[in-house]
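So the sequence lines, in the order shown, correspond to chains H and X. Okay, so the first sequence: first residue is 123 according to the working numbering, each after it adds one. Okay, so the second sequence: first residue is 123 according to the working numbering, each after it adds one. Below is one structure, written out as structure tokens; the observations come after it.
There are 2 protein chains.
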Amino acid sequence: MSVRNALLGLLAQRPRHGYELHAAFEAVVGGEENWDVKPSQIYTTLARLQESGLVEEESVGQGGGPEKRIYAITRAGRHALVEWFSSGVAREHQRDEFFIKLILSLATGEANPRKVIQTQRAKLYQDLHDMTAQRNHFDPKTELAQIFLFDKAIMHLEADLRWLDMIESRIDEVKRQPLPEPEVKPRGRPKKEVRS
Amino acid sequence: MSVRNALLGLLAQRPRHGYELHAAFEAVVGGEENWDVKPSQIYTTLARLQESGLVEEESVGQGGGPEKRIYAITRAGRHALVEWFSSGVAREHQRDEFFIKLILSLATGEANPRKVIQTQRAKLYQDLHDMTAQRNHFDPKTELAQIFLFDKAIMHLEADLRWLDMIESRIDEVKRQPLPEPEVKPRGRPKKEVRS
DNA sequence: AAAGAATACTACCCGTTAATAGTTTTGTCA
DNA sequence: TGACAAAACTATTAACGGGTAGTATTCTTT
């Protein structure tokens, strides 16, 4: 969803062709680090945007080399962009991979939960270390935005570590709890509901 | 990735059919709340697992109603599962939707950055409120795991809010920085590199 | 007959990657 | 001077994995 909207944003400035969009995107958000968008994604996304009528092919330029298909944003596109800017970003799904792993290790006995936690903690420390190192490669005078991005990641890692500590200290309580069983629902037409 | 592995974990206990897997999954990780897996996803994932040879169709049971295709985990499947349990969960990509939105609002002038921040903050507070409310619907005596899941989400939301404050207080610094330009690379064969 | 559980499937969207292909510019070396 | 290497420039196609929407068939109970 975000590449899509980013392209709309860039096209709102002026019409561009695919390669140019790729360059602009990288410049804005991926200073050779972190967000690595492949050119092909730009083109597929562009195609889908066009299909949805948010973008249209304007003309075909030709300036040495292959032809350039130049795209422009449409009215509908501008509308979608405004929409995007004026709405909050939905939080990522609860779908937490580590959590499900931990629960499954508890529920199935296929792995040692404490070990799972330890592995994860090691990973988090490693990540934290890497992120911090990378963060310090940027110059606050000119690349403050990049630094903020890393700060966010770092804060999340710290939160994860705190959470992990909390969970570990109470893992026995969880173990003691009954395994959740799939609840059985009565078949057939339900009885007339008596509301509570 | 996680549904996939979760199915492997459940099949490691014993062979099951799709509907059963769906029920078990919901019981373990989605107490009617948060993680809502559609049955169709179970089936598509199962099909893909089978194609990769991690799971195989064992037999077709029949117990009232449509036939049940019963799946079992294979050796390769068990191997993949062990692999999963013994490796850390990779952090989610840097790909941060809010960040790119903010940067684009700064770079393109198509939206007011302060407003973007405010909208996001409102969203975060809303989410925080909802999460907290939901969290309190669970019983720590029997559903501690669910509560932990919410705790994690809550901690992340709090981190996001702190981060947002930090960013907002320094937004002018960012604004003052030169817009990142796509860097121009020299064409042609590169000069013989004089290593530093 | 109504209603919903039990069970399954297909088609599709979106983000993403891998692989490929042709043109132009420029440095290097014989 | 000319041949070639190397890389930028520009784009396309095929495919995969996660995920959703919608539908279809039976069976059981009221």
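Don't be surprised by glycine CBs; every beta carbon is placed ideally from N, CA and C.
Span of the alpha helix (DSSP H), counted from its first residue to its last, around residue i
i                      : result
residue 284 of chain H : 266 to 291
residue 262 of chain H : Premise fails: residue 262 of chain H is in no alpha helix (DSSP H) and is neither H nor E.
Backbone secondary structure at residue i - three-state DSSP
i                      : result
residue 138 of chain X : strand
residue 191 of chain X : strand
residue 219 of chain H : helix
residue 253 of chain X : helix
residue 307 of chain H : coil
residue 148 of chain H : helix
residue 212 of chain X : coil
residue 318 of chain H : For residue 318 of chain H, the predicted structure reports a pLDDT of 41, less than 50, and the residue's modelled location is therefore unreliable. The matter cannot be settled from this model.
residue 206 of chain H : helix
residue 231 of chain H : coil
residue 321 of chain H : An answer regarding residue 321 of chain H cannot be provided, because it is not within the stretch 123 to 318 covered by chain H.
residue 313 of chain X : coil
residue 132 of chain X : helix
residue 107 of chain H : What is shown of chain H runs 123 to 318, which leaves residue 107 of chain H out entirely.
residue 299 of chain H : coil
residue 125 of chain X : helix
Supposed contact pair residue j and residue i - C-beta distance, whole angstroms, cut 8 angstroms
i                      : j                      : result
residue 196 of chain H : residue 178 of chain H : 5 angstroms
residue 151 of chain H : residue 293 of chain X : Contact flag wrong, Cβ pair sits at about 17 angstroms.
residue 131 of chain H : residue 203 of chain H : 6 angstroms
residue 207 of chain X : residue 296 of chain H : Contact doesn't hold; Cβ gap of about 17 angstroms is too wide.
residue 210 of chain H : residue 245 of chain X : 3 angstroms
residue 68 of chain X  : residue 260 of chain X : The structure shown does not extend to residue 68 of chain X, since chain X is modelled only from 123 to 318, so the question has no answer here.
Bridge partners - residue i, DSSP secondary structure assignment
i                      : result
residue 177 of chain H : H:195
residue 182 of chain H : H:191
Residue i vs residue j beta-carbon contact at 8 angstroms
i                      : j                      : result
residue 240 of chain X : residue 230 of chain H : no
residue 319 of chain H : residue 242 of chain H : Because residue 319 of chain H is not part of the residues shown, which for chain H are 123 to 318, the question remains open.
residue 182 of chain H : residue 173 of chain H : no
residue 299 of chain H : residue 266 of chain X : yes
residue 146 of chain X : residue 304 of chain H : yes
residue 198 of chain H : residue 175 of chain H : yes
residue 126 of chain H : residue 166 of chain H : no
residue 279 of chain H : residue 250 of chain H : yes
residue 139 of chain X : residue 191 of chain X : yes
residue 288 of chain X : residue 281 of chain H : no
residue 285 of chain X : residue 274 of chain H : yes
residue 142 of chain X : residue 159 of chain X : no
Residue i CB to nearest heavy atom of the ligand COA below 7 angstroms
i                      : result
residue 201 of chain H : For the ligand COA, the structure offers nothing, since it holds no ligand at all.
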